[in-house]
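Notes follow the structure.
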Amino acid sequence: MIERDEDQPLLVAEGLSKWYGKQLGCRDVSFSLYPGEVIAVVGESGSGKTTLLQLLSAQLAPSRGRVRYCMRDGATRDLASLGEAERRFLFRTDWGYVHQDPALGLRMSVSAGANVGERLMAIGWRHYGQIRHTAGDWLARVEIDGGRIDDAPYTYSGGMRQRLQIARNLVTRPRLVFMDEPTGGLDVSVQARLLDLLRGLVAELALAAVIVTHDLAVARLLSHRVIVMKDGEIVETGLTDQVLDDPHQPYTQLLVSSVLPP
Amino acid sequence: MSAPVYNFAYLDEQTKRMIRRAILKAIAIPGYQVPFASREMPMPYGWGTGGVQVTAAILGPDEVLKVIDQGSDDTTNAVSIRKFFAKTAGVRTTTRTAEATVIQTRHRIPETPLGAHQVLVYQVPIPEPLRFLEPRETETRQMHALADYGVMHVKLYEDIARHGHIATTYAYPVKVNGRYVTDPSPTPKFDNPKMNDSPALQLFGAGREKRIYAIPPYTAVVSLDFEDHPFERYRHDGSCALCGSAESFLDEVVTDDHGGRMFVCSDTDYCEGRRGAAQEGAQEGAP
């Protein structure tokens with residue numbers, strides 16, 4: 007890896023607001039994400055978490071505010087100024103996006119190997135053997151049996167699909183991954199395994215990540231910092247253990263106390 | 005009652021102008037699919053309405069027209085289109101590749117090499133090579149605009165993963181002039197190399213989908229492949245039962261229900277030409 011100035015943020019959100027007509031998506035969200043840092047965005051349904059994620063990943067244009075991103079060449083760019091070609095390139099090289107529903111992030115009828123290899127082919131890899139080898143490597147890293155490389159994801163279980171989606175995103179060694187409820191819809195033991203895997207990969211690859219979740223356990227396990235959202239606004243932010251163990255705002259206190267004891 | 009009167013080559017002049025504009029644009033941007041206001045033709049979609057419109061737009065009174073269907077001059081589609089233009093344009097028609105100036109084709113490129121004075125018009129059912137990977141037309145246009153073609157190799161990857169080799173045998177995707185990925189219409193991949201650097205102008209008309217695209221003369225046409233799985237032509241391992249050609253593309257003809265079969269040239273004109281030459285040779289050799 008290239009040595010990088012750790013003091014320079016990777017992604018900066020400045021006063022992000024989004025209205026869907028009269029309906030508020032989120033209002034005046036500002037924060038910085040540093041290389042290798044994992045931020046969890048927590049809050050109840052409808053609090054603007056997913057809107058925020060789409061704004062950060064340039065899939066939605068903000069009504070107000072902007073997102074700046076430090077490109078691989080070290081230049082910081084306003085995402086709104088990127089052309090469509092640059093945005094797509096960023097999306098398949100430097101970024102990853104893990105959907106809650108793996109069917110959205112995978113080609114369900116195309117083999118696992120091709121799913122993982124697609125990004126490589128898109129950036130110009132033209133050697134079948136190398137693509138397949140790299141895909142096999144990544145399947146092993148996300149604990150998918152190499153014998154399943156030619157099977158399509160629709161034959162996979164929910165947990166395997168999610169792991170395959172992660173492999174597909176990480177194959178180009180992105181620096182930033184957006185995750186929208188990565189453990190949603192999985193049973194607890196599969197969730198635990200996935201979280202374990204994610205934690206390992208994030209640390210190993212020094213990934214920065216923005217994880218949207220309503221599950222405080224996910225936030226506690228994976229993230230360094232937590233942003234708590236309610237009605238489209240940030241109500242509290244801070245280090246994960248600080249926010250979850252000593253919540254200051256009434257809403258955060260409610261959120262933390264509404265977790266059922268096992 | 006007087007008999008119906010057609011304009012020369014059936015289409016009215018304004019329509020021909022519109023199609024010619026689309027053709028010129030298509031030639032200017034090799035491989036790019038130009039939308040055009042496709043007309044209803046007196047034949048069903050899938051029978052070559054796109055090719056017929058292109059042919060009608062470029063036909064002049066001095067042209068010599070040849071029409072082939074799967075390489076053959078004497079199948080229904082070829083015969084009826086040939087008759088159509090003989091009737092509506094009064095142009096001379098031929099089955100000889102070398103004599104023709106305009107050749108309308110479905111699914112084959114003639115074996116006889118084409119020259120600079122010839123135009124090859126393809127009938128295209130599905131002009132969009134990305135269709136089966138990305139069904140949204142808005143998205144495929146974006147992908148063409150941005151040369152975002154990674155997904156094309158996903159298809160080839162799948163072929164190799166499943167069959168051990170690239171099993172796509174027709175409509176094999178090509179990259180035209182290093183830019184646009186293009187569907188060569190459902191020609192067998194055996195014909196793909198003939199498209200590269202061809203002295204003849206190649207025009208593609210898709211009537212139902214209202215698209216025209218072109219490969220200008222002497223344009224680079226590269227079949228997509230992998231470094232370790234390069235593009236390969238495919239033909240049946242055999243020679244023509246009629247003319248003995250070991251080079252031409254062969255059709256398999258089942259002759260009985262006991263597994264009997266024979267291979268014959270798919271290009272009937274090429275096959276007849278070779279048989280004619282062999283016969284002449286035999287006569288000259290006789291005392």
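Those protein sequences? They're chains A and B, same order as listed.
Number 256 in the working numbering belongs to position 250 of the first sequence; there are no gaps in the numbering.
Number 9 in the working numbering belongs to position 5 of the second sequence; there are no gaps in the numbering.
Ideal Cβ placement from N, Cα and C applies to all residues, glycine included.
The alpha helix (DSSP H) that contains residue i, what's its start and end?
i	result
residue 45 of chain B	Taken as a continuous stretch (DSSP letters only), residue 45 of chain B belongs to no alpha helix (DSSP H), as it is neither H nor E.
residue 222 of chain B	Careful: residue 222 of chain B lies outside any alpha helix (DSSP H) and carries neither H nor E.
residue 12 of chain B	Segment: none, residue 12 of chain B is in no alpha helix (DSSP H) and carries neither H nor E.
residue 125 of chain A	118-128
residue 237 of chain B	It is not in any alpha helix (DSSP H) - residue 237 of chain B carries neither H nor E in the DSSP assignment.
residue 146 of chain B	141-149
residue 14 of chain A	That residue, residue 14 of chain A, is in no alpha helix (DSSP H); it is neither H nor E in DSSP.
Is the beta carbon of residue j closer than 7 Å to that of residue i?
i	j	result
residue 210 of chain B	residue 83 of chain B	no
residue 63 of chain B	residue 120 of chain B	no
residue 159 of chain A	residue 170 of chain A	yes
residue 177 of chain B	residue 228 of chain B	yes
residue 24 of chain A	residue 57 of chain A	yes
residue 235 of chain A	residue 49 of chain A	yes
residue 124 of chain B	residue 206 of chain B	yes
residue 220 of chain B	residue 34 of chain B	yes
residue 238 of chain A	residue 196 of chain A	no
residue 92 of chain B	residue 222 of chain B	no
Considering just the uninterrupted stretch of the beta strand (DSSP E) at residue i, what are its terminal residues?
i	result
residue 108 of chain B	106-110
residue 47 of chain A	44-48
residue 185 of chain A	182-186
residue 73 of chain A	70-76
residue 195 of chain A	Counting along the chain, residue 195 of chain A falls outside any beta strand (DSSP E), though it belongs to the alpha helix (DSSP H) covering 194-211.
residue 82 of chain A	82-84
residue 166 of chain A	From DSSP, residue 166 of chain A is part of no beta strand (DSSP E) but of the alpha helix (DSSP H) over 164-176.
residue 247 of chain A	Counting along the chain, residue 247 of chain A falls outside any beta strand (DSSP E), though it belongs to the alpha helix (DSSP H) covering 246-251.
residue 256 of chain B	254-258
residue 186 of chain B	184-186
residue 207 of chain B	205-210
residue 219 of chain A	214-219
residue 178 of chain B	178-180
residue 70 of chain B	68-73
Note down the Cα distance separating residue i from residue j, rounded to an integer number of angstroms.
i	j	result
residue 214 of chain A	residue 138 of chain A	27 Å
residue 181 of chain B	residue 203 of chain B	15 Å
residue 45 of chain A	residue 78 of chain A	20 Å
residue 265 of chain A	residue 231 of chain A	19 Å
residue 32 of chain A	residue 215 of chain B	43 Å
residue 114 of chain B	residue 156 of chain A	38 Å
residue 89 of chain A	residue 267 of chain B	54 Å
residue 24 of chain B	residue 174 of chain B	28 Å
residue 195 of chain B	residue 122 of chain B	17 Å
residue 13 of chain A	residue 94 of chain A	27 Å
residue 247 of chain B	residue 273 of chain B	11 Å
residue 164 of chain B	residue 136 of chain A	13 Å
residue 67 of chain B	residue 144 of chain B	37 Å
residue 249 of chain A	residue 262 of chain A	9 Å
residue 85 of chain B	residue 279 of chain B	26 Å
residue 92 of chain A	residue 98 of chain A	10 Å
residue 199 of chain A	residue 201 of chain B	56 Å
residue 27 of chain B	residue 106 of chain B	15 Å
residue 227 of chain A	residue 81 of chain A	32 Å
residue 78 of chain B	residue 128 of chain A	44 Å
residue 253 of chain B	residue 69 of chain B	23 Å
What would DSSP say about residue i, mapped onto helix, strand or coil?
i	result
residue 24 of chain A	strand
residue 95 of chain B	coil
residue 108 of chain A	helix
residue 87 of chain B	helix
residue 101 of chain A	strand
residue 265 of chain A	coil
residue 265 of chain B	strand
residue 143 of chain A	helix
residue 197 of chain B	helix
residue 239 of chain A	strand
residue 27 of chain B	helix
residue 31 of chain A	strand
residue 79 of chain B	coil
Does at least one heavy atom of the ligand MG sit under 6 Å from the Cβ of residue i?
i	result
residue 37 of chain A	Absence of the ligand MG is noted for the structure shown, with no ligands found whatsoever.
Against chain A, which members of the stretch 81-96 of chain B pass a CB distance test of less than 9 Å?
Residues of the stretch 81-96 of chain B that bring their beta carbon within less than 9 Å of a beta carbon in chain A are absent altogether.
Relative to chain B, which residues along the stretch 76-101 of chain A have a C-beta separation below 7 Å, given in chain order?
So the list reads 90, 91, 94, given in the order they occur along the chain.
Give, in chain order, every residue of the stretch 203-234 of chain B whose Cβ lies closer than 7 Å to some Cβ of chain A.
Hits within the stretch, in order: 230, 231, 232, 233.
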